[in-house]
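So in my numbering, spot 50 of the sequence shown is number 915, and the numbers just go up one at a time. We put the beta carbon where it would ideally sit given N, CA and C, even for glycine. Have a look at the structure below before the remarks.
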Amino acid sequence: MNEEGLDYNYDENLTLYKGSPFTGQAVERNSKGNIVELATYKKGIEHGLQKSWHPEGDIKSEGFTNSGIACGVWKSWFPNGQISEETEFDASGNRIYLRQWNISGEITREEYFHERLAPPITPEEQ
(Lines of atoms letter the chains of each structure in order from A and count residues from 1; the text may use other names and numbers.)
(Lines give C-alpha, C1' and ligand atoms only; values in the text may rest on other atoms or scores of the structure.)
Protein backbone atom coordinates (compact mmCIF):
# COMPACT_ATOMS: atom_id res chain seq x y z
CA MET A 1 0.00 0.00 0.00
CA ASN A 2 1.30 3.45 -0.86
CA GLU A 3 1.17 5.86 2.11
CA GLU A 4 -0.54 8.43 -0.12
CA GLY A 5 -3.72 6.33 0.08
CA LEU A 6 -3.80 6.54 3.88
CA ASP A 7 -5.37 9.17 6.12
CA TYR A 8 -4.55 9.99 9.73
CA ASN A 9 -7.28 10.62 12.28
CA TYR A 10 -5.68 12.97 14.82
CA ASP A 11 -8.60 12.73 17.26
CA GLU A 12 -8.26 8.96 17.56
CA ASN A 13 -4.55 8.64 16.66
CA LEU A 14 -5.32 6.10 13.96
CA THR A 15 -4.10 5.53 10.42
CA LEU A 16 -7.06 4.87 8.14
CA TYR A 17 -7.65 3.41 4.71
CA LYS A 18 -11.01 4.24 3.16
CA GLY A 19 -12.28 5.33 6.58
CA SER A 20 -11.31 2.15 8.46
CA PRO A 21 -8.27 1.42 10.64
CA PHE A 22 -5.50 0.16 8.36
CA THR A 23 -3.75 -3.20 8.84
CA GLY A 24 -0.73 -4.01 6.70
CA GLN A 25 2.44 -2.42 5.41
CA ALA A 26 2.58 1.00 3.81
CA VAL A 27 5.47 2.40 1.80
CA GLU A 28 6.53 5.90 0.89
CA ARG A 29 8.54 6.43 -2.29
CA ASN A 30 10.72 9.32 -3.38
CA SER A 31 10.49 11.05 -6.76
CA LYS A 32 12.72 8.34 -8.29
CA GLY A 33 10.34 5.62 -7.14
CA ASN A 34 12.68 4.27 -4.46
CA ILE A 35 11.15 3.21 -1.16
CA VAL A 36 12.23 5.64 1.57
CA GLU A 37 9.91 4.46 4.35
CA LEU A 38 8.07 1.30 5.30
CA ALA A 39 5.57 1.30 8.16
CA THR A 40 3.61 -1.66 9.49
CA TYR A 41 0.17 -1.16 11.03
CA LYS A 42 -2.36 -3.24 12.93
CA LYS A 43 -5.87 -1.83 13.34
CA GLY A 44 -4.61 1.67 12.51
CA ILE A 45 -1.68 1.70 14.95
CA GLU A 46 2.01 1.21 14.12
CA HIS A 47 2.74 -2.40 14.98
CA GLY A 48 5.70 -4.37 13.68
CA LEU A 49 8.63 -3.43 11.47
CA GLN A 50 9.30 0.27 10.87
CA LYS A 51 12.11 0.98 8.42
CA SER A 52 13.50 3.89 6.41
CA TRP A 53 16.14 4.38 3.71
CA HIS A 54 18.38 7.25 2.68
CA PRO A 55 17.52 8.72 -0.76
CA GLU A 56 20.44 6.81 -2.28
CA GLY A 57 18.88 3.52 -1.15
CA ASP A 58 21.02 2.64 1.88
CA ILE A 59 19.26 1.81 5.13
CA LYS A 60 18.61 4.80 7.40
CA SER A 61 16.74 3.32 10.39
CA GLU A 62 15.04 0.16 11.57
CA GLY A 63 13.02 -0.86 14.60
CA PHE A 64 9.83 -2.46 15.83
CA THR A 65 6.70 -1.16 17.49
CA ASN A 66 4.14 -3.01 19.57
CA SER A 67 0.74 -1.28 19.54
CA GLY A 68 2.37 2.06 18.74
CA ILE A 69 5.17 1.72 21.30
CA ALA A 70 8.82 1.40 20.32
CA CYS A 71 10.28 -1.87 21.62
CA GLY A 72 13.48 -3.83 21.24
CA VAL A 73 16.54 -2.43 19.51
CA TRP A 74 16.22 0.50 17.11
CA LYS A 75 19.17 1.38 14.89
CA SER A 76 20.06 4.30 12.63
CA TRP A 77 22.84 4.59 10.05
CA PHE A 78 24.71 7.37 8.28
CA PRO A 79 24.39 7.46 4.46
CA ASN A 80 27.83 5.78 4.22
CA GLY A 81 26.49 2.70 6.06
CA GLN A 82 28.21 3.45 9.39
CA ILE A 83 25.90 2.97 12.38
CA SER A 84 24.95 6.30 13.96
CA GLU A 85 22.66 5.30 16.84
CA GLU A 86 21.37 2.27 18.69
CA THR A 87 18.64 2.48 21.29
CA GLU A 88 17.00 -0.38 23.16
CA PHE A 89 13.47 -0.03 24.52
CA ASP A 90 11.66 -2.30 26.98
CA ALA A 91 8.13 -3.58 26.30
CA SER A 92 6.64 -0.37 27.75
CA GLY A 93 8.66 1.88 25.45
CA ASN A 94 11.13 3.01 28.12
CA ARG A 95 14.69 3.46 26.92
CA ILE A 96 17.14 0.95 28.37
CA TYR A 97 20.27 2.29 26.70
CA LEU A 98 21.41 4.66 23.99
CA ARG A 99 24.64 4.58 21.99
CA GLN A 100 25.69 7.12 19.37
CA TRP A 101 28.63 7.05 16.96
CA ASN A 102 30.24 9.66 14.77
CA ILE A 103 30.61 9.07 11.05
CA SER A 104 34.10 7.61 11.66
CA GLY A 105 32.67 4.87 13.88
CA GLU A 106 33.79 6.24 17.25
CA ILE A 107 31.29 6.12 20.13
CA THR A 108 30.35 9.67 21.08
CA ARG A 109 27.64 8.94 23.63
CA GLU A 110 26.64 5.96 25.72
CA GLU A 111 23.86 6.25 28.25
CA TYR A 112 22.13 3.63 30.38
CA PHE A 113 18.68 4.31 31.76
CA HIS A 114 18.45 1.45 34.27
CA GLU A 115 21.08 0.88 36.96
CA ARG A 116 21.12 -2.87 36.36
CA LEU A 117 22.47 -2.30 32.85
CA ALA A 118 25.03 0.34 33.72
CA PRO A 119 28.63 -0.61 33.03
CA PRO A 120 30.71 -1.50 36.10
CA ILE A 121 32.26 1.40 37.98
CA THR A 122 36.03 1.47 37.70
CA PRO A 123 38.22 2.41 40.72
CA GLU A 124 39.05 5.74 39.02
CA GLU A 125 35.35 6.67 38.97
CA GLN A 126 34.75 6.00 42.68
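Span of the beta strand (DSSP E), counted from its first residue to its last, around residue i
i: Ala891; result: 889-894
i: Glu976; result: 972-977
i: Tyr882; result: 879-882
Straight-line gap, residue i to residue j (C-alpha atoms, nearest Å)
i: Ser885; j: Ile961; result: 35 Å
i: Phe978; j: Ala891; result: 32 Å
i: Lys897; j: Leu903; result: 16 Å
i: Ile965; j: Leu871; result: According to the sequence shown, residue 965 is Gln rather than Ile. Taking the straight line from one Cα to the other gives about 33 Å.
i: Ile900; j: Glu868; result: 11 Å
i: His919; j: Asn931; result: 24 Å
Counterpart residues of residue i in DSSP-defined beta bridges
i: Ile934; result: Asn931
i: Lys897; result: Answer is none; Lys897 lacks a bridge partner.
i: Gln947; result: For Gln947, which the question treats as bridged, DSSP gives no partner whatsoever.
i: Thr952; result: Trp939, Leu963
i: Ile910; result: Lys907
i: Lys916; result: Leu903, Glu927
i: Ser885; result: Tyr882
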